[in-house]
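This report concerns only the one structure given below.
In the working numbering, the protein residues as written are 4 to 335.
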């Protein structure tokens with residue numbers, strides 16, 4: 004059966020149907036057929052195959068500037084907001100790894116208590132107190148599986164979470180959602196499953212099986228955001244072979260690896276997803292933040308069909324948000 008997937012445009016408040024990338028292929032891979040073709044499924048979600056299809060899709064050069072402009076227009080990419088001249092974009096990789104004038108085009112709220120979106124993405128939020136209702140713990144993922152270190156997972160028991168899904172057309176730099184000092188940073192190996200909603204609904208724990216990078220930030224420090232410890236988890240997907248850690252405080256200049264002890268500022272570039280679709284997850288300690296009213300209202304918007312609603316038997320609708328825009332505030 005062919006289900007449509009809608010999200011809410013935060014600017015207009017309207018429901019928009021998403022054209023899902025490679026939807027037919029993804030639906031086949033994550034259908035019951037995979038249970039009878041386990042070797043094929045494992046091969047396609049392996050690092051080697053993911054790297055191969057990424058190079059095939061993103062490194063093949065365009066014939067010229069005109070083709071790059073046509074592709075950007077088709078995907079809804081605004082080339083004038085980019086730092087590079089339009090003539091620079093002669094491949095899909097360059098287009099998807101673009102840098103933007105984010106201070107002008109993605110202004111950040113002046114409110115010190117704001118927590119901002121780490122990416123141009125589509126977000127759903129929730130509380131780990133309500134896992135049975137939204138099928139996150141033990142269905143979507145468990146915090147322990149997702150983080151890989153129980154010492155940190157325990158800090159987020161009964162806390163809040165936000166899942167940010169990046170589609171292939173999105174700006175692929177991640178920015179810091181909060182200010183604070185890095186407590187820990189580590190990588191957890193895994194496969195390369197799609198972040199298409201069909202795959203998320205069909206797999207039992209897709210995010211806990213994908214390769215991912217975990218950053219713990221202590222915001223209860225001088226000049227910090229004051230919302231406790233925050234976990235930022237960057238999840239790779241099909242055609243995402245790597246996440247380049249490249250924190251910068253001035254534009255994209257002098258990129259610095261993310262390491263323990265590093266002080267980071269809210270809104271600054273943190274990392275770059277290699278091309279494709281991918282996901283960020285934020286975890287917050289219990290009682291430290293409150294998500295924005297419109298995001299909560301959209302999550303349960305009646306009459307809007309989404310793959311998540313179908314898979315979880317209840318409304319669960321994403322909101323399209325821009326990087327550095329407010330998605331929550333600190334509870335004082």
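We treat Cβ as the ideally placed atom computed from N, Cα and C, and that holds for glycine.
Your pair residue 162 and residue 153 does not check out as a contact, with CB atoms roughly 15 Å apart and the cut at 8 Å. Counting every other CB atom within 10 Å of its CB across the protein chains shown gives residue 260 a total below 16, marking it as exposed. Minimum Cα-Cα distance from residue 332 among the listed residues 180, 255 and 122 corresponds to 180. Inclusion of residue 167 and residue 283 in the CB contact set at 7 Å is warranted, their separation being smaller than that value.
Within the same chain, and ignoring the five residues on either side of residue 125 in sequence, the residues whose Cβ sits closer than 6 Å to its Cβ are 10, 168, 321 and 323. In the three-state scheme derived from DSSP, where H, G and I count as helix and E and B as strand, residue 166 is classed as strand.
Annotation: the continuous alpha helix (DSSP H) that includes residue 97 extends over 95-99.
Rounded to the nearest angstrom, the Cβ distance from residue 186 to residue 232 is 7 Å, consistent with a contact under 8 Å. In the DSSP annotation of this structure, the continuous segment of the beta strand (DSSP E) that includes residue 235 starts and ends at 232-238.
Secondary structure note for residue 309: it is in no alpha helix (DSSP H), with a DSSP letter that is neither H nor E. DSSP lists no bridge partner for residue 226. Taking a C-beta distance under 7 Å as the contact criterion, residue 104 and residue 133 do not qualify as a contact pair. Of the residues 97, 182 and 177, the one whose Cα lies closest to the Cα of residue 226 is 182. Residue 159 and residue 295 have their alpha carbons spaced roughly 20 Å apart.
When the Cα atoms are used, residue 175 and residue 278 turn out to be separated by approximately 7 Å. Boundaries of the beta strand (DSSP E) harbouring residue 333: 329-333, taken from the DSSP string. If you draw a straight line from the Cα of residue 72 to the Cα of residue 288, it comes to about 44 Å. In the DSSP annotation of this structure, the continuous segment of the beta strand (DSSP E) that includes residue 283 starts and ends at 281-287. Residue 256 and residue 102 have their C-alpha atoms roughly 11 Å apart.
For residue 297, the enclosing alpha helix (DSSP H) begins and ends at 296-302. Secondary-structure assignment with DSSP links residue 221 through a beta bridge to 184 and 232. In this structure, residue 246 keeps its C-beta atom at 7 Å or more from the C-beta atom of residue 263. Nearest C-alpha to residue 189 among 228, 221 and 248: 248.
Cβ-Cβ distances below 6 Å link residue 238 to 210, 213, 215 and 282 in the same chain, with the five nearest sequence neighbours on each side left out; the list follows chain order. A straight-line Cα-Cα distance of about 7 Å links residue 117 and residue 330. Separation of the CB atoms of residue 310 and residue 8 is rounded to 5 Å, and the pair is thereby assigned contact status at 8 Å. Taking C-alpha positions only, residue 229 is separated from residue 285 by approximately 15 Å.
Bridge pairing for residue 216: 190 and 237 [DSSP]. Look at residue 278 here: in three-state DSSP terms it is coil, with no helix or strand label. DSSP places residue 105 within a helical segment (H, G or I) once states are collapsed to three.
Boundaries of the beta strand (DSSP E) around residue 20: 18-20.
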